[in-house]
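If you're matching positions, the sequence shown starts at 18 in our numbering and goes up one per residue.
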Amino acid sequence: MTERKKRVGILISGRGSNMESLIAATRRSDYPAEIACVISNRPEARGLSTAAAQGIATQAIDHKRFQTREAFESELDAALRAHGVEIVACAGFMRMMTSSFVDQWRDRMLNIHPSLLPAYKGLHTHARALADGVKLAGCTVHVVRPELDQGPIIAQAAVPVLDGDSEETLGARVLQAEHSLYPHALSLFASGDAIVSGERVLLKKEPVNQTIPLYWPPLSQL
Ligand code: GAR
């Protein structure tokens with residue numbers, strides 16, 4: 018790889034399992050990005066100690082210390098810039114952002130959401146999918162826009178919903194897909210192989226001969 022690696026700042030609020038999958042991917046010498054820092058708005062977030070144990074720079078910026086959302090975001094923005102961050106990757110960052118903060122990072126901030134967007138924006142995605150009886154659920158990595166869980170979609174993964182699923186079992190199946198999808202999407206984005214064009218993301222090298230639909234239940238069982 019001849020191109021310089023893009024510096025990524027990961028934003029978390031809790032467990033940080035997606036963060037871990039991004040850290041693991043960036044350890045590969047041919048991966049087009051490296052982790053510059055992990056920042057949490059919750060000082061107690063488990064992901065902070067996981068990242069620190071792996072030698073990654075971490076910082077807690079407790080949103081409760083600030084009177085306004087703008088004051089919190091101005092410190093967050095300063096921290097990201099101090100770490101030389103070029104791409105922000107939200108990974109379970111459960112904090113609404115103002116449109117001015119999002120605009121400052123326009124087309125340079127990604128998010129992962131546990132649904133096949135634009136379906137099931139917001140919280141409790143798996144419970145709502147189960148209640149609706151959908152047969153496919155999944156996850157989405159998208160470029161962040163000011164509207165909640167909206168923005169140009171980089172990549173999605175679909176998983177089947179099984180008859181016996183609970184919110185937990187479906188959530189675990191989706192989370193496993195998230196752990197492969199986010200490193201894949203970040204790689205496409207950081208390398209320039211996925212490019213934002215208005216409200217869509219276009220792939221420089223669109224895969225051919227891989228347009229096999231995912232059926233659930235499988236066709237063979239019909
Ligand atoms: C993930 O499932 C992620 O998709 C979701 O929070 C979880 C964080 O888990 N994000 C959202 O719901 C954002 N709207 P993690 O901390 O183990 O990565």
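Where a beta carbon is used, it is the ideal one built from N, C-alpha and C, also for glycine.
| query | Between GLN167 and the rest of its own chain, which residues show a CB-CB distance below 8 Å, the 5 nearest in sequence each way excluded? | reply | LEU134, PRO135, LYS138, HIS159
| What do you reckon, is the C-beta of THR75 under 8 Å from a heavy atom of ligand 1? | Not so, every heavy atom of ligand 1 lies at least 8 Å from the Cβ.
| request: Using the Cα positions of TYR232 and VAL178, report the straight-line distance between them to the nearest angstrom. | output: Near 11 Å, if we compare the C-alpha coordinates of VAL178 and TYR232.
| request: Check each candidate in LEU192, ILE171, LEU140, PRO230 and name the one with the smallest Cα separation from LYS221. | output: ILE171
| Helix, strand or coil at ILE229 according to DSSP, with G and I counted as helix | Coil, per DSSP.
| query | Taking the alpha-carbon positions, what's the LEU93 to PRO49 distance? | reply | LEU93 and PRO49: Cα-Cα distance of roughly 24 Å.
| query | Going by alpha carbons, who is nearest to ASP124 out of MET114, ILE52, VAL105? | reply | Ranking MET114, ILE52, VAL105 by Cα distance to ASP124 puts VAL105 first.
| task | Note down, in chain order, each residue of its chain lying with its Cβ closer than 8 Å to the Cβ of ARG32, except the 5 sequence neighbours on either side. | result | ALA62, ARG63, GLY64, GLY109
| Given LEU140 as reference, the closest of MET111, VAL191, VAL161, ALA148 once Cα atoms are compared | MET111
| said: Quick check: does the Cβ of GLU195 come within less than 8 Å of any heavy atom belonging to ligand 1? | reply: Answer for GLU195: yes, Cβ within range of ligand 1.
| task | State the DSSP-derived secondary structure class of THR157, mapped to helix, strand or coil. | result | DSSP places THR157 within a strand segment (E or B) once states are collapsed to three.
| Is the segment 65 to 81 close to the segment 210 to 227, with three or more CB pairs under 8 Å? | no
| What does a CB cutoff of less than 7 Å around SER237 pick up in its chain, not counting 5 residues either side in sequence? | none
| request: Could you tell me the boundaries of the alpha helix (DSSP H) in which VAL55 lies? | output: Following the DSSP letters along the chain, one finds VAL55 in no alpha helix (DSSP H) but inside the beta strand (DSSP E) bounded by residues 50 to 57.
| said: Please tell me whether, using a cut-off of 8 Å, the distance from the CB of ASN128 to the nearest non-hydrogen atom of ligand 1 is below it. | reply: Yes; taking the cut-off as 8 Å, the Cβ of ASN128 has a heavy atom of ligand 1 nearer than that.
| field | Three or more C-beta pairs below 8 Å linking the segment 22 to 30 and the segment 95 to 102 | value | With a cut-off of 8 Å, the segment 95 to 102 and the segment 22 to 30 count as touching, because enough Cβ pairs lie within range.
| said: By alpha-carbon positions, which one of GLY150, GLY181, GLU90, ALA146 ends up nearest to TRP122? | reply: GLU90
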